[in-house]
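Colleague: Chains as they are written, first to last, in full-length UniProt numbering: chain Y, 1 to 122; chain X, 1 to 182. In this text, a Cβ means the ideal position worked out from N, Cα and C, and glycines have one as well.
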Amino acid sequence: MNTGIRAGDFLVAGLALVLVGWSYVHFWHSEPAASLEVWVDGARHASLPLIESRTLAIEGVLGASRIELAPGRARFLASPCESKRCVHTGWIDQGGMVAACLPNRVSLHVQGRDRRYDAINL
Amino acid sequence: MPVETVTTRPEDHRIAWLAALAIAIHVLEAAIPSPVPGLKPGLANLVTLLALLAFGWRTAVWVSLLRVLVGSLILGSFLTPTFMLSLAGALASLLALGLGRALGRHWLGPLGLSLLAALGHISGQFLLAYALFIPHPGLWHLFPPLLTAALIFGILNGIIANLALQGVDRIGTPREGTASRT
Chain Y
1 MNTGIRAGDF LVAGLALVLV GWSYVHFWHS EPAASLEVWV DGARHASLPL
51 IESRTLAIEG VLGASRIELA PGRARFLASP CESKRCVHTG WIDQGGMVAA
101 CLPNRVSLHV QGRDRRYDAI NL
Chain X
1 MPVETVTTRP EDHRIAWLAA LAIAIHVLEA AIPSPVPGLK PGLANLVTLL
51 ALLAFGWRTA VWVSLLRVLV GSLILGSFLT PTFMLSLAGA LASLLALGLG
101 RALGRHWLGP LGLSLLAALG HISGQFLLAY ALFIPHPGLW HLFPPLLTAA
151 LIFGILNGII ANLALQGVDR IGTPREGTAS RT
């Protein structure tokens, strides 16, 4: 019977280890934020590059949310909501990260460099 | 009154015994709490692997599929997503075992086969989960840790399979009559 450790076992184990390592690199990598999407009440409000620092006021359902853009990151500065969770979220700086103010229906989505373009966001 | 007798071969008895063992482990494993869906030691698959090594491919396929079917009937998950994921895992791991067996009958031992089966199992499950149930790219964040678990449990099960087979070798290979005596 095929008992004992054989050469092929080491080969398979080695390849499996490489596969596991690769899976972390491939599925867990995140890239620095390059652009920001602002959504208001379920619709895309603006799409902005994260190159220079500036602050903006976004008119939401409750009032104006003040947001800050900086090179590679963005955050809520102030919001008319009660809990201020959006402000406490702090800076979001990795592609795919989101900060949202649900009461005011304003959310920020940052994206990495290789984001997909579509008809609205060219 | 005519009595229908079903003649069974020793092989049928062997499959039934092994399947019963696999089903018992399957049900016991279902009771172990898991921090992440899909994270399991996969001890039930160990029976499939031992069946393959000791009795061949046909027995392994029977044992594996019977385990999934009857296990789901006992747990009440027949035809639910759990069952489908279970089936996808079993089929993928059988495929991996078949490939490993075909490619490396002489240079691949229980450890390598166990690893192939474990990795095939989780990959098959994951692909089905992504294709059918949660087609969201965020799901793939779960893949690396589950693959890591498959690596660890695959190696552990391979070691157990090795020990079990060495034990069988020491006692002597099972004779034809052994399984059907009871």
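(1) So with CB distances below 8 Å, who are the chain X contacts of Y/W28?
(2) With Y/A7 and X/I155 assumed to form a contact (beta carbons below 8 Å), what rounded beta-carbon distance in angstroms separates them?
(3) I need the DSSP call for X/H141, collapsed to helix, strand or coil.
(4) If we count the other Cβ atoms within 10 Å of its Cβ and call it buried at 16 or more, is Y/W28 buried or exposed?
(5) What would DSSP say about Y/T55, mapped onto helix, strand or coil?
(6) Check the Cβ of X/T148 against every Cβ in chain Y and list those closer than 9 Å, keeping chain order.
(7) May I ask which residues mark the beginning and end of the alpha helix (DSSP H) holding X/R14?
(8) Anything in chain X within Cβ reach of Y/I5, meaning under 7 Å, just list it in chain order.
(9) Looking at the unbroken alpha helix (DSSP H) that takes in Y/L48, where does it start and where does it end?
(10) Using a Cβ cut-off of 9 Å, pull out every chain Y residue sitting near X/L151, in sequence order please.
(11) Could one say the Cβ of X/G89 lies closer than 8 Å to chain Y's Cβ atoms, at least one of them?
(12) Helix, strand or coil: how does DSSP classify X/F78 here?
(13) How should X/G42 be labelled, buried or exposed, when 16 other C-beta atoms within 10 angstroms of its C-beta is the threshold for buried?
(14) Report the residue ranges of all alpha helix (DSSP H) runs contained in full by the segment 62-103 of chain Y; include only those spanning at least 4 residues, in chain order.
(15) Straight-line CA distance for X/W57 to X/G112?
(16) Determine the DSSP secondary structure at Y/S35, reduced to helix, strand or coil.
(17) Applying the 10 Å Cβ sphere with the 16-neighbour rule, what's the burial state of X/V36?
(18) What's the gap between the Cα of Y/N104 and the Cα of X/A117?
(19) On a CA-only basis, which of X/I122, X/L85 and X/T59 is nearest X/L142? Give me that one, please.
(20) For the segment 112-124 of chain X, which residues have a CB atom closer than 7 Å to at least one CB atom of chain Y, in sequence order?
(21) Is the CB of Y/P9 under 8 Å away from at least one CB in chain X?
(22) Please check if any C-beta of chain Y sits within less than 8 Å of the C-beta of X/N45.
(23) Out of curiosity, what's the CA-to-CA distance linking Y/L48 and X/I25?
(24) Three or more beta-carbon pairs under 8 Å between the segment 95-106 of chain X and the segment 125-134 of chain X, yes or no?
(25) How would you call X/R14, buried or exposed, if buried means at least 16 neighbouring beta carbons within 10 angstroms?
(26) Could you check whether the Cβ of X/I25 sits closer than 8 Å to any Cβ belonging to chain Y?
(27) If X/V27 and X/G76 are in contact, beta carbons under 8 Å, what's the gap, nearest whole angstrom?
(28) Taking the DSSP output, what are the residues bridged to Y/S107?
(29) Can you check whether the C-beta of X/N157 is within less than 8 Å of a C-beta belonging to chain Y?
(30) Compute the beta-carbon to beta-carbon distance between Y/G95 and Y/A33, rounded to the nearest angstrom, for a pair I have assumed lies under 8 Å.
Modeller: Considering the structure as presented:
(1) H141 and P144
(2) About 16 Å separates the beta carbon of Y/A7 from that of X/I155, a gap too long to meet the 8 Å contact definition.
(3) helix
(4) exposed
(5) Residue state, collapsed to three classes: strand.
(6) V20, S23 and Y24
(7) P10 to A30
(8) Simply G109 and L111.
(9) Run containing Y/L48: none in the alpha helix (DSSP H); it sits in the beta strand (DSSP E), A43 to P49.
(10) A13, A16, L17, L19 and V20
(11) no
(12) coil
(13) buried
(14) The segment 62-103 of chain Y contains these whole alpha helix (DSSP H) runs: 85-89.
(15) 16 Å
(16) strand
(17) exposed
(18) 50 Å
(19) X/I122
(20) G112, L115, L116 and L119
(21) Per the sequence shown, the amino acid found at residue 9 of chain Y is Asp instead of Pro. It does: the Cβ of Y/D9 has a partner Cβ on chain X nearer than 8 Å.
(22) no
(23) 56 Å
(24) When Cβ pairs closer than 8 Å are counted between the two stretches, the segment 95-106 of chain X is seen not to touch the segment 125-134 of chain X, the count staying below three.
(25) A residue is called buried once 16 or more other Cβ atoms fall within 10 Å of its Cβ, and X/R14 is buried on that count.
(26) no
(27) Their Cβ separation, rounded to whole angstroms, is 11 Å, which puts X/V27 and X/G76 out of contact at 8 Å.
(28) Y/W39 and Y/A100
(29) Not an interface residue.
(30) 6 Å
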